[in-house]
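There are 2 protein chains.
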Amino acid sequence: MSSTGESVTEGKGRLSELDIEAIEMFINFFKLIGLPKSVGEIYGLLFVATRPLAMDDLMERLQISLGAASQGLKLLRAVGAVKVVYTPGERRDRYVADLELSRFASSFIKEELRPRLERSLQRIERMEGLAEAMSPKERKAAFERIDRLKHWMEKGQKMMPWILKFLVR
Amino acid sequence: MSSTGESVTEGKGRLSELDIEAIEMFINFFKLIGLPKSVGEIYGLLFVATRPLAMDDLMERLQISLGAASQGLKLLRAVGAVKVVYTPGERRDRYVADLELSRFASSFIKEELRPRLERSLQRIERMEGLAEAMSPKERKAAFERIDRLKHWMEKGQKMMPWILKFLVR
DNA sequence: CATTTGATTCAATAAAAAATGAAATGAATG
DNA sequence: CATTCATTTCATTTTTTATTGAATCAAATG
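Put into structure tokens, the structure is as follows:
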């Protein structure tokens with residue numbers, strides 16, 4: 001094996017410099033959207049791997065615990081970023097990274113962003129209810145602020161499908 | 170004062186139900202982009218307020234510490250979400266929320282997202298350097314993965330100006 | 001230019017989030 | 001159907017992040 005070239009991706013060795021660079025990229029990216037380091041590591045290693053990896057591989061190569069590996073995979077599966085590969089005649093599952101960003105992003109939007117927006121819109125309705133009960137003068141000021149909020153939310157809502165469209169392909 | 174209507178926004182009272190609803194919205198929103206609760210509270214109260222507030226007001230009404238108020242305002246100012254209002258014949262500064270989402274979002278993209286992407290692209294260059302040093306067989310596999318990464322990054326980079334354009338206005 | 005008042009900094013503390021690993025669960029094998 | 005191996009769960013520990021407030025700094029006032 002050459003000194004830089006030995007990708008842990010093959011065989012059982014340590015992680016190569018290249019692997020580490022790539023994994024760090026994913027750690028950063030996942031942190032950005034609020035996911036823990038271990039999740040980024042797992043996805044990164046799977047992304048970089050040339051074949052499906054089992055949980056043991058992840059634990060050994062990333063030096064993470066059983067629990068972290070299991071929970072990280074659970075999350076990544078739930079979000080569609082990682083797929084299970086059933087190998088016939090093999091007891092344990094193996095995992096691969098889904099390379100299509102779009103699926104991942106769209107599930108992030110569907111499961112994280114959209115519900116939040118919806119809760120916000122409900123909240124605005126409740127606020128409008130509260131404002132109704134105010135004196136005319138107060139009501140006017142209240143509705144001004146509520147309308148500003150609404151404006152924000154609607155903008156956000158309009159934008160999301162577009163981002164999705166852009167990502168998907 | 171009516172029971173629901175007394176907005177702390179005016180005078181020195183407690184926060185009204187309406188104020189609290191609005192502030193909670195901002196806490197959620199700010200959490201989404203990884204900012205602490207206190208920052209969301211501050212922006213929320215300023216958003217909801219009908220006139221500029223001083224640091225004391227924030228501390229008193231939100232029940233946060235001196236440090237939290239100062240640091241939160243510092244961050245919000247840096248990011249363009251809050252402006253200082255100098256009142257002539259007034260010793261302390263007063264603050265208002267900048268209501269234009271666009272400015273805020275664009276500074277977030279400029280200061281958080283874009284630098285990250287740039288670092289990622291640099292990282293990819295480094296990775297290409299590492300891959301050059303590999304055996305032909307390994308190099309091929311490495312470049313395959315690197316190209317996948319590049320694809321992601323370029324997509325992200327292309328999308329950002331568009332999102333900005335959508336937000337600004 | 002001494003004093004007062006408002007704002008910032010930062011070391012200490014509190015709170016929240018993530019990681020660990022032992023125990024429970026589930027499922028394949030002989 | 002007992003055993004073994006893989007995975008999940010979850011109470012505990014560790015790490016990270018946010019908050020506090022005393023000490024410092026800055027700048028306006030008299």
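These protein sequences, in sequence, are chains A and B. Note that the working numbering has the first sequence beginning at 1, numbered continuously upward. Note that the working numbering has the second sequence beginning at 170, numbered continuously upward. Using N, Cα and C, we set each Cβ at its ideal position, and we do this for glycine too.
Have a look at the options and flag the residue whose alpha-carbon is nearest the alpha-carbon of residue i.
i	options	result
Ala274/B	Glu313/B, Glu287/B, Met329/B and Gly325/B	Met329/B
Ala247/B	Glu186/B, Ile332/B, Ala266/B and Gly298/B	Ala266/B
Gly172/A	Gly34/A, Glu138/A and Glu111/A	A question about residue 172/A goes unanswered here, because the residues of chain A that appear run from 1 up to 169.
Lys319/B	Arg14/A, Leu15/A, Ala22/A and Glu17/A	Ala22/A
Tyr95/A	Val82/A, Ser107/A, Arg114/A and Pro88/A	Val82/A
Tyr86/A	Arg148/A, Lys137/A, Ala54/A and Ala68/A	Ala54/A
Arg243/A	Ala68/A, Gly34/A, Gly129/A and Lys158/A	With chain A running from 1 to 169 in the structure shown, residue 243/A is simply not present.
How would you write the range of the beta strand (DSSP E) that residue i sits in, first residue to last?
i	result
Val208/B	No beta strand (DSSP E) holds Val208/B; the alpha helix (DSSP H) holding it covers Lys206 to Val217.
Arg14/A	Unbroken run through Arg14/A: none, as it is neither H nor E.
Excluding the five sequence neighbours on either side, which residues of its own chain have a C-beta within less than 7 Å of the C-beta of residue i, listed in chain order?
i	result
Met296/B	Ile315
Gly325/B	Leu286
Ala131/A	Arg139, Ala142, Phe143 and Ile146
Val48/A	Thr9, Asp19, Ala22 and Ile23
Glu100/A	none
Ser2/A	Here the model assigns Ser2/A a pLDDT of 39, short of 50, so the residue's position is not dependable and the matter cannot be decided.
Skipping 5 residues on each side, what residues in its chain have a beta carbon closer than 6 Å to that of residue i?
i	result
Leu93/A	Note that residue 93/A is Asp in the sequence shown here, rather than Leu. So the qualifying residues of the chain are Val84.
Ser239/B	none
Lys206/B	Ile196
Residues in its own chain within less than 8 Å of residue i by CB, not counting five upstream and five downstream?
i	result
Met153/A	Leu117, Ser120, Leu121 and Ile124
Met303/B	Ala311
Val208/B	Phe199, Gly241, Leu244 and Leu245
Ile20/A	none
Ser234/B	Met228
Met194/B	Gly213
Asp225/B	Arg261
Glu90/A	none
Just grab the DSSP bridge partners of residue i for me.
i	result
Val82/A	Ala97/A
Leu222/B	Tyr264/B
Taking 8 Å as the line, does the beta carbon of residue i fall inside it for any heavy atom of the ligand ZN?
i	result
Phe195/B	Because no ligand of any kind appears in the structure shown, any question about the ligand ZN cannot be addressed here.
Which first and last residues belong to the alpha helix (DSSP H) in which residue i is found?
i	result
Ala300/B	Arg283 to Glu301
**Message:** Check whether the segment 43-56 of chain A and the segment 22-30 of chain A are in contact - that is, three or more C-beta pairs closer than 8 Å.
**Reply:** Contact holds: three or more Cβ-Cβ distances are below 8 Å.
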